[in-house]
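A.B. asks:
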Amino acid sequence: MTAAAKALHCTPSAVSQQLRALQAEVGLVLTEPAGRGLRLTDAGRALVVRADEVIAAVDRAEAELDVFRSLPRGRVRVAIFPSAALMLLPGLLHRFAEVEGLDVEVRDVDMTPAEVPGLVADFDIVVTHRDEHAEPFPSDRLDVVPLLREPLDVALPRGHRLAKRRRVDLTELAGEQWISVDVGFPVDDVLRSLAVRTGVRPQVKQRINDFRIIEALVAAGHGIALLPRYTLAGTWSRRIVRRPLAGIRAARLIEAVLRTGAGTRPPVATVLDLLHAEAAAVTKQP
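Per UniProt numbering, numbering through the sequence shown is continuous, rising by one, with the last residue being 286.
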């Protein structure tokens, strides 16, 4: 119950109330006690399978109705993680405004990959990110549209002993103090996978989820960090340098995730096309 509430961004009591209402409506017991929690009964598992089919059928019906309207009219709900919003949203809003009848509602959501399937229930498109070496999202219930691969560079204070290097070897940073994001977020996943692949375990002293704050801390000499290459540089960009890692790939994949079949709706397909266009424009910047 607690896990379901977290995935749906509501309280356990709200989930319990909805579950009781659903059981009353179908006239069957859908859950049963299992230790300290609950598990689905056979009837509950059967309903879960059919629920995906119902949602897909609704999406197909909406797509068929949209075709009759000829234009990609309608509202599209988009969730996007903060640093992608910083990078993509200013240009995207200009693109959205040029499409007559398209109403896009955007919300910034600081999400881990594990939270994405729950968000897809509330949003038409979820723009998320993951370590390029991580497992992809399950394709049986979700459609995943690649947007861009964003390399991660090492951010150093300008006075750092390695700041003049064109590339930096991770082994040369073995004794450094690192600033990373919370455990479970993709940039930290990349840092951890680098440790596994190279045997160099970074000493993470601070965990901050806002890259602009991380930039400020690096500029002040409080540590080094992995930062995404295309995300807009902040106030401290003149006081830090960014260097690629030598001999190893480090990047996050930025993807649009949506319910299976939802991308057939003309307004959703239009938003996906505009996301592609803006992502391409960002990667072409010097």
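Just so you know, even glycine gets a beta-carbon here, dropped at the ideal spot from N, CA and C.
Could you name the residues that DSSP lists as bridge partners for residue 37?
C.D. replies: 34
A.B. asks: Could you pull the DSSP bridge partners for residue 74 from this structure?
C.D. replies: 102
A.B. asks: Identify, in the order they occur along the chain, each residue of the same chain with its Cβ nearer than 7 angstroms to the Cβ of residue 168, setting aside the five sequence neighbours on each side.
C.D. replies: Correct list, in chain order: 154, 162, 243, 245 and 246.
A.B. asks: Let's see if you can read the secondary structure: which residues bound the alpha helix (DSSP H) around residue 197?
C.D. replies: 186-198
A.B. asks: From what residue to what residue does the beta strand (DSSP E) around residue 139 run?
C.D. replies: From DSSP, residue 139 is part of no beta strand (DSSP E); its letter is neither H nor E.
A.B. asks: Among residues of its own chain, excluding the 5 on either side of residue 354, which ones have a beta-carbon nearer than 8 angstroms to its beta-carbon?
C.D. replies: This structure gives no information on residue 354, because the portion of the chain shown stretches from 1 to 286.
A.B. asks: Using 8 angstroms for Cβ pairs, my map puts residue 266 next to residue 76. What's the rounded Cβ distance?
C.D. replies: The Cβ separation is near 10 angstroms, so there is no contact.
A.B. asks: Please determine if the stretch 185-199 and the stretch 119-131 are in contact, where contact requires at least 3 C-beta pairs separated by less than 8 angstroms.
C.D. replies: Taking 8 angstroms as the limit for Cβ pairs, the verdict is that the stretch 119-131 does touch the stretch 185-199.
A.B. asks: Answer with buried or exposed for residue 160, where buried requires no fewer than 16 other C-beta atoms within 10 angstroms of its C-beta.
C.D. replies: buried
A.B. asks: Is the separation between the beta-carbon of residue 125 and that of residue 253 shorter than 8 angstroms?
C.D. replies: Not in contact: residue 125 and residue 253 (Cβ atoms no closer than 8 angstroms).
A.B. asks: Give me the residue from 256, 42, 173 and 33 with the minimum Cα distance to residue 139.
C.D. replies: 256
A.B. asks: Tell me which same chain residues have a C-beta within less than 8 angstroms of the C-beta of residue 173, skipping the five on either side of it?
C.D. replies: The beta carbon of residue 173 sits closer than 8 angstroms to those of 154, 162, 200, 202 and 224, all from its chain and outside the five residues before and after it, given in chain order.
A.B. asks: Identify whether residue 160 lies in helix, strand or coil by the three-state DSSP scheme.
C.D. replies: DSSP places residue 160 in coil when its eight states are reduced to three.
A.B. asks: With distance defined between alpha-carbon atoms, name the residue in 85, 263, 181 and 264 nearest to residue 227.
C.D. replies: Of the candidates 85, 263, 181 and 264, 181 places its Cα closest to the Cα of residue 227.
A.B. asks: Using C-beta distances below 7 angstroms, list every residue in its chain close to residue 31, excluding the 5 sequence neighbours before and after it, in chain order.
C.D. replies: 19, 38, 39, 40, 41 and 44
A.B. asks: Please state whether DSSP places residue 82 in a helix, a strand or coil.
C.D. replies: helix
A.B. asks: Who are residue 128's beta bridge partners in DSSP?
C.D. replies: 255
A.B. asks: Give the secondary structure of residue 28 by DSSP, where H, G and I count as helix, E and B as strand, and everything else as coil.
C.D. replies: Here DSSP, grouped into helix, strand and coil, assigns residue 28 to coil.
A.B. asks: Within its chain, find whatever has a CB closer than 7 angstroms to the CB of residue 112; leave out the 5 residues flanking it on each side and keep chain order.
C.D. replies: 184 and 185
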